[in-house]
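Using the numbering used here, read the sequence shown as starting at 56 and increasing by one per residue.
For each residue, glycine too, the CB sits at the ideal point set by N, CA and C.
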Amino acid sequence: MIPLVYHASYSQLALPPNHRFPVSKYQHLRDHLLSSGIAQPAQFFNPTPIDKSDLLTSHSSDYVEGFLCNQLSPAMMRRIGFPWSEQLCVRTLHAVAGTRLTVQLALQHGVSLHLSGGYHHAHQTFGSGFCIFNDLIIAARAAIDSGQVERVLILDCDVHQGDGTAALGATFDDIVTCSFHAARNFPARKQRSDYDIEFQDGCSDSEYLATLRDVARYLIRLHQPDLILYDAGVDIHQDDDLGYLSITTAGIYQRDALILSLARDAQIPVAAVIGGGYSKNPDALTDRHSQLFIAANHIYG
Ligand SMILES: [Zn+2]
56 MIPLVYHASY SQLALPPNHR FPVSKYQHLR DHLLSSGIAQ PAQFFNPTPI
106 DKSDLLTSHS SDYVEGFLCN QLSPAMMRRI GFPWSEQLCV RTLHAVAGTR
156 LTVQLALQHG VSLHLSGGYH HAHQTFGSGF CIFNDLIIAA RAAIDSGQVE
206 RVLILDCDVH QGDGTAALGA TFDDIVTCSF HAARNFPARK QRSDYDIEFQ
256 DGCSDSEYLA TLRDVARYLI RLHQPDLILY DAGVDIHQDD DLGYLSITTA
306 GIYQRDALIL SLARDAQIPV AAVIGGGYSK NPDALTDRHS QLFIAANHIY
356 G
């Protein structure tokens, strides 16, 4: 049984009309996985909110307190991209905890998937691009600091560079960061990950997958991580509203199956988060995010 992590708060966020963040996608994905038989109810685990002390492993206390108490400046909230609300706090604390729980379940079961996560634009002292706290780094630190693992490899395949993950990861020798992203996409000013792989506009399935296969294989052999954190963002899709690559839905499935099979073959636990994905068509977006779960069933079934 592949453990899945979800919380109802993920999609409980009132946003201004025409806001481009597809906040309903989490609930749609959960409903689709269950109604289509891709997942069963018994697979689901629910996180409890993360403790402030866990946030402080990766973020400054001024920033954490400022966000939780609605004391951030309007400019800082604009950079995050959401208006502040109690709902946003609840959702954020559950989503970050969800990635940490996904890591814990992956260490127990070999694989676990989070129906949220991938807040890779969150930096130590500020948030950005719909990301408030960096769940990937926080979850990696929790696993390392508890003595469960020594080295974590973060493979970030969202179309946007994981700039917050890169900057935070650079301060920790035991976290190796690799971002695969579109060169032209946000953020304009990129940070330096341990490894950055840039793709040009219109990159096709075959080019993308060949590069990903070579690099991921190499990094797993070189660093021999005890845990892989995989950001399976689907904004690499050819019809994504925010991405510039030309990856098909079949290509997304092959990417997810590739990363999961590399982890399985190397006997390294893998915790995956769904990451970004932007479309006004909820069914299309759900189908793209579902590929991760279908692939996991095939690889680990
Ligand atoms: Zn993205």
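Exposed unless 16 or more other CB atoms sit within 10 angstroms - verdict on residue i
i    : result
K107 : exposed
S66  : buried
P72  : exposed
C212 : buried
D260 : buried
L277 : exposed
A69  : exposed
P58  : buried
T226 : exposed
H353 : exposed
Q279 : exposed
D338 : exposed
D228 : exposed
Ligand 1 heavy atom lying under 7 Å from the CB of residue i
i    : result
G331 : yes
G288 : yes
V214 : yes
Residue i versus residue j - alpha carbon distance
i    : j    : result
L191 : Y174 : 7 Å
A351 : D117 : 39 Å
I270 : I252 : Ile is not the amino acid found at residue 270; the sequence shown has Val there. Distance between the alpha carbons of V270 and I252 is about 9 Å.
L340 : G153 : 21 Å
S201 : Q322 : 21 Å
T147 : L156 : 14 Å
Q95  : L89  : 6 Å
Y81  : L110 : 23 Å
G92  : Y355 : 16 Å
P242 : I209 : 19 Å
K245 : D218 : 6 Å
E141 : V78  : 16 Å
S171 : Y333 : 14 Å
Y273 : N189 : 26 Å
A161 : Q179 : 26 Å
L127 : D320 : 45 Å
V166 : G330 : 17 Å
Q163 : P324 : 8 Å
D187 : C144 : According to the sequence as given, residue 187 is Ile; it is not Asp. Taking the straight line from one Cα to the other gives about 10 Å.
D290 : W139 : 25 Å
L297 : G288 : 12 Å
H169 : K335 : 22 Å
L284 : T266 : 19 Å
R85  : L123 : 27 Å
S234 : H74  : 27 Å
T112 : P129 : 25 Å
Q216 : L315 : 21 Å
H83  : A221 : 30 Å
R268 : E262 : 10 Å
R196 : V328 : 16 Å
Nonlocal neighbours in the same chain, by C-beta distance under 7 Å from residue i, ignoring five residues either side
i    : result
F181 : Y118, M131 and R134
R239 : D256 and Y299
I349 : I93 and Y308
H62  : N101, P102, H149 and G153
G121 : L127
L317 : A271, R272 and I275
R125 : A small correction: the amino acid at residue 125 is Asn; Arg does not occupy that position in the sequence shown. Once the five neighbours on either side are set aside, the close Cβ partners of N125 are W139.
Cβ neighbours of residue i in the same chain (closer than 6 Å, five flanking residues each side left out)
i    : result
V158 : A194, A198 and A326
A237 : V214, F254, Y299 and L300
F76  : F185
D281 : V204, E205 and R206
G224 : I230 and T232
G136 : F185
D249 : V231 and T232
D295 : Y333
Close-in-space but distant-in-sequence residues of the same chain around residue i (CB under 8 Å, 5 per side omitted)
i    : result
A97  : M56
L264 : G306, Q309, R310 and L313
T304 : H292, D342, R343 and Q346
C258 : A237, L300, S301 and I302
P104 : V145, L148, H149 and A152
S115 : Q179 and T180
Any chain C beta carbon closer than 8 Å to residue i
i    : result
D200 : Absent here is chain C; the protein component of the structure consists of one chain.
Any non-hydrogen atom of ligand 2 within 7 Å of residue i CB
i    : result
G298 : What this structure holds is ligand 1, not ligand 2.
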